[in-house]
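Student: So the protein lines, in turn, are chains Z and D. Position one of the first sequence corresponds to residue 1 (this note's numbering), numbered consecutively onward. Position one of the second sequence corresponds to residue 1001 (this note's numbering), numbered consecutively onward. Just so you know, even glycine gets a beta-carbon here, dropped at the ideal spot from N, CA and C. This structure is a prediction, so every number in the text was calculated from the model and none was measured.
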Amino acid sequence: MLECRDIVKKYGSKTAVDSISLKIESGRIYALLGPNGSGKTTLMKMAIGLVKPSQGNFYYNDSPIGPDSRREIAYMSTEPYFYPWMNVKDVGDYYADFFEDFSMKKFEKLLERMHLEKSLKTKSLSSGMMAKLKIAVTMARKAKVYLLDEPLNGIDLLARDEIMTSIIEAADPDTAIVLSSHLVDELEKIIDTAYFIKDGLLVKTSQVEELRITEGKSIVDEYREIYGQGGNM
Amino acid sequence: MEFKTELPIYLQVMASIKRDIVTGKLSPGEKLPSVRELAVNYTINPNTASRVYKELENEDACFTRRGMGTFVTDSIERIRTMKEEMAEELIGQFLEGMAQLGFAFEETIRLMGSHKKGEQQHAGM
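Put into C-alpha cells, the structure is as follows:
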C-alpha cells in the first residue's frame, strides 16, 4: 500500500538516503532499524511528504503521496510538536480539528490506560509522559498507515508496555504499522519485518519469525552482524 | 512472559498455552482469548498470535468454531497424550544435557535416585 522506489535525499554533499526501495503492506508491522543518523527519520519524513526527495518518490496505493494520502497516514515525529500552553485535553481537540479520522473516545481510552490526566500542561510533562501522549494522540486516529518515529525512546519499562499494547491493538488486516528504533530488542516480539538501514542504504530485509525458525537467530543477532560492535545499541 | 529471542515466538507461546491446558489452568472446552487479545496478553505480533492458534489446531490441542472463537480441546484423552508428549520432550532434553556432561543413562538414573533420597532427608529435617 505504501512504497518507495529508488528514493534519494541529499543535503548538500551528504547523502542521507541513498536509493532505497521498499514496500509496506497492510496487515503487517515493520521496523526501520539502524543507529542514529542512518537515515530512518529522513525516510519517514519523505513518506509523509514533509521532506522532498532529491530523486524518486513515495507512492501510496500507486499514486505519489500528497495531501490525500496524508489523510490516511498517521505520523508521529521524534520532536515534540505541541504548543507549550496546551494541556492534554487541548492536544486532543487540536488533533480532532485537523484529522477526520481522530476518535476522541479512543483518545480518552488511551489516556486512561496511560494514566495521563487531561488537565496536565504539556510543558510540565516528563519525557516518558510526553512519549505516551504522542502515542495516544497518534493512535487515536483510525489511519491506514501509522509511521512512528522512535516510539520507545527515553521511556521507562512500564510506559514501554503501555505503548507496545497500544501499537498491537491498532494492528489489523487493513492497517500497516512502521516503527523506527535503535532499540532493537524491544521490537523483537512485535514486528513482522525488519528493514536495516546503514549510512542511508537499505542493507538487509529480515522476516523476523522466519529468521528464528530457519536460522535460530534473533534480530539483535542480525543487528550486531550488520553494524558490528561499534553499532549504537 | 520472557521470551528466548532466538527461538520462534509462536512455539514459545504454544508451549505456554499447552502447559496451561495440561495443568488444568485452562479447562477442557474453555474459550480462549481472541487473536488480538492473545497478541496483547503476550505482547506479540498479531500474525504470530494467529499462527499460534493455527498450529495448536493442527495438533488438536484446540479447535475453532467459525464466528465463535477458539476453544481448548474437549478431549480428555488428547490432553492426557499432550501431557505425555510434553514429559517425553522434557526427559529427552534432560538426558541430552546429561549425556553432554558425560553421564551414561544408568549413571543418570543412579544420580536421580540419590537426588531423590537427598530431598527426602531434607524434608525430614
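For the stretch 1065-1085 of chain D, which residues have a beta carbon sitting closer than 9 Å to at least one beta carbon of chain Z?
Tutor: none
Student: What is the DSSP secondary structure of residue 44(Z), counted as helix, strand or coil?
Tutor: helix
Student: Mind listing, in chain order, the continuous beta strand (DSSP E) runs of no fewer than 3 residues lying wholly within the stretch 47-83 of chain Z?
Tutor: With a minimum length of 3 residues, the continuous beta strand (DSSP E) runs that stay inside the stretch 47-83 of chain Z are 55-60 and 73-76.
Student: Who are residue 180(Z)'s beta bridge partners in DSSP?
Tutor: DSSP lists 32(Z) and 149(Z) as partners of residue 180(Z).
Student: So that I know if they touch, is there some Cβ in chain Z lying closer than 8 Å to that of residue 1017(D)?
Tutor: no
Student: Can you determine whether any heavy atom of the ligand GDP sits closer than 7 Å to the C-beta of residue 138(Z), and answer yes or no?
Tutor: Looking at this structure, you won't find the ligand GDP or any other ligand, since it has none at all.
Student: How long is the line joining the alpha carbons of residue 38(Z) and residue 83(Z), rounded to whole angstroms?
Tutor: Rounded to whole angstroms, the separation of the alpha carbons of residue 83(Z) and residue 38(Z) is 29 Å.
Student: Look up residue 240(Z) in the DSSP assignment and give the residues it is bridged to.
Tutor: Coverage of chain Z is limited to positions 1 through 233, which leaves residue 240(Z) absent and any answer about it impossible.
Student: Between residue 1089(D) and residue 49(Z), what straight-line distance do the alpha-carbon atoms span, to the nearest angstrom?
Tutor: 54 Å
Student: What residues in the stretch 157-183 of chain Z bring their beta carbon closer than 8 Å to a beta carbon of chain D?
Tutor: 161, 164, 165, 168, 169, 171 and 172
Student: List in chain order: all unbroken alpha helix (DSSP H) runs of 4+ residues lying wholly within the stretch 1044-1115 of chain D.
Tutor: 1046-1058 and 1076-1101
Student: Reducing DSSP to helix, strand and coil, say where residue 102(Z) ends up.
Tutor: Of the three classes helix, strand and coil, the one that applies to residue 102(Z) here is strand, per DSSP.
Student: Note down, in chain order, all residues in the stretch 133-145 of chain Z with a beta-carbon under 8 Å from any beta-carbon belonging to chain D.
Tutor: Residues: none.
Student: If you measure beta-carbon to beta-carbon, which residues of the stretch 1106-1119 of chain D are closer than 8 Å to chain Z?
Tutor: none
Student: Against chain D, with Cβ distances strictly below 8 Å, would residue 70(Z) count as a contact?
Tutor: no
Student: Measuring straight from C-alpha to C-alpha, what distance separates residue 6(Z) and residue 59(Z)?
Tutor: 12 Å
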